[in-house]
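Residue numbers (the UniProt record's numbering): 1 to 469. The block underneath contains the structure these notes are about, expressed in structure tokens.
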């Protein structure tokens, strides 16, 4: 049956279900077929919603050009097919390393974050953060001092469309307003909400903080996590069993609840937290030489920030867990306390029930590990392994000639592998084709969002921005 003979709405529903390769083939049949699939509703699902290349300056030559046709009978190419063509042009540039490179001095940078087109640099030496617009040619647009001077930043991270900073127990949240980062929320997170209303509206509150709070990092330890729109600060007293969670809604600026960590009969040696997009997970490491009714060395609980209640999730381990990975559907734990065993438990992220125990040929390096959608990738010595989280099966193994220190998935196909071979080195891999695209020497990965539009890398003295569009 010729789908172009069907009513337009029926034909659209058929074409929408096709993979992009088949839609492209339909364009080549004849002009009727080409016009039938030349619809925004068909092409939109094949476009990356986070890319807006039509509004971006095309820095890399030759620039993208809208195809011209000598046939007057053909309808103009629809908006989303043009968007798809631009993305293919970008992907070809990236794969072939066609780019424009910029660099600027990295200074005394402790940590970097990325938000939309902004690169954020935590400058602990100057006690401020710097904002670079890397939309095109990088330009520094702001240097924002922290509210507390001579106080280190416990937390410096982006969350959605905001930047979150914690100094001791002072929570600061910045939003982009008219292209500039503006302080929108300032709270002493372990106090009642009303107390924060006394914070002066000033760019510098050190004297007020010293008079009213008087804390310094050596006096105060906390665990800070963000889950969705929620911030959770867990203040750690001398007796860890008395630790309290302070839960805030970052959108409203309201304190939602104070709640204690789960009660256990043993003494707590350490508290660690993990998260996925919905839940906060609390791992309690227990004293090893204490008599108790169980042999547990670690107990893991789960807290729902929407209901402000603990869930049914509970995991108990008779050994200390070296690291934990929390994802949307699964929680991954090593089967023993030695990281090099290669055996892992996959647990249901909502109930804690065992899905499968899996042994891989290579152990996970928790410092070289990344997850994107349903793909888990991790480094292990001179090897990188890619695993499907849904099936827990190995997808591919990539051998490299250096010690793997970091991995980062730009999308489901493109992988960055960083490490050391006398000097820092970054390799760019095509996972599906099991093919190394190119190598960037004397560079290390600087996370800059999951996009092929640009790469941010750090050298010994400079930050390098490679623009592929």
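Just so you know, even glycine gets a beta-carbon here, dropped at the ideal spot from N, CA and C. Quick caveat, the model's predicted, so the values are computed rather than measured.
Asked                                                                                                                                               : Found
Work out the CA separation of residue 158 and residue 115 for me, nearest whole Å.                                                                  : 7 angstroms
By the three-class DSSP mapping on this structure, what secondary structure does residue 95 have?                                                   : helix
Could you give the distance in angstroms between the alpha-carbon of residue 251 and the alpha-carbon of residue 229?                               : 7 angstroms
Expressed to the nearest angstrom, what Euclidean distance is found between the alpha-carbon atoms of residue 164 and residue 173?                  : 5 angstroms
Whole angstroms is fine: what's the gap from residue 203's alpha carbon to residue 186's?                                                           : 11 angstroms
From the DSSP output, read off the bridge partner residues of residue 112.                                                                          : 121
Mapping the DSSP letters down to three states, classify residue 43 as helix, strand or coil.                                                        : helix
Check the C-beta distance from residue 285 over to residue 269 and give it rounded, since I have them as a contact under 8 angstroms.               : 5 angstroms
Measure how close the beta-carbons of residue 296 and residue 320 come, nearest whole angstrom, since I'm counting them as under 8 angstroms.       : About 11 angstroms; that fails the 8 angstroms criterion.
Taking buried to mean at least 16 other C-beta atoms within 10 Å of its own C-beta, is residue 442 buried or exposed?                               : exposed
Output the distance between the C-alpha atoms of residue 271 and residue 345, rounded to the nearest integer angstrom.                              : 21 angstroms
Run the CB neighbour count on residue 361, radius 10 Å, all protein chains shown included, and call it buried at 16 or more, exposed below.         : exposed
Going by DSSP, which residues form a beta bridge with residue 444?                                                                                  : 458
Can residue 301 and residue 262 be called in contact, C-beta distance under 8 angstroms?                                                            : yes
Report back the beta-carbon spacing between residue 227 and residue 305 to the nearest angstrom; my notes put them in contact at under 8 angstroms. : 5 angstroms
Apart from the five residues on each side of it in sequence, which residues of its chain come closer than 6 angstroms, Cβ to Cβ, to residue 44?     : 80
If we count the other Cβ atoms within 10 Å of its Cβ and call it buried at 16 or more, is residue 167 buried or exposed?                            : buried
For the segment 194-241, list the alpha helix (DSSP H) runs that are entirely contained and at least 4 residues long, ordered along the chain.      : 206-212
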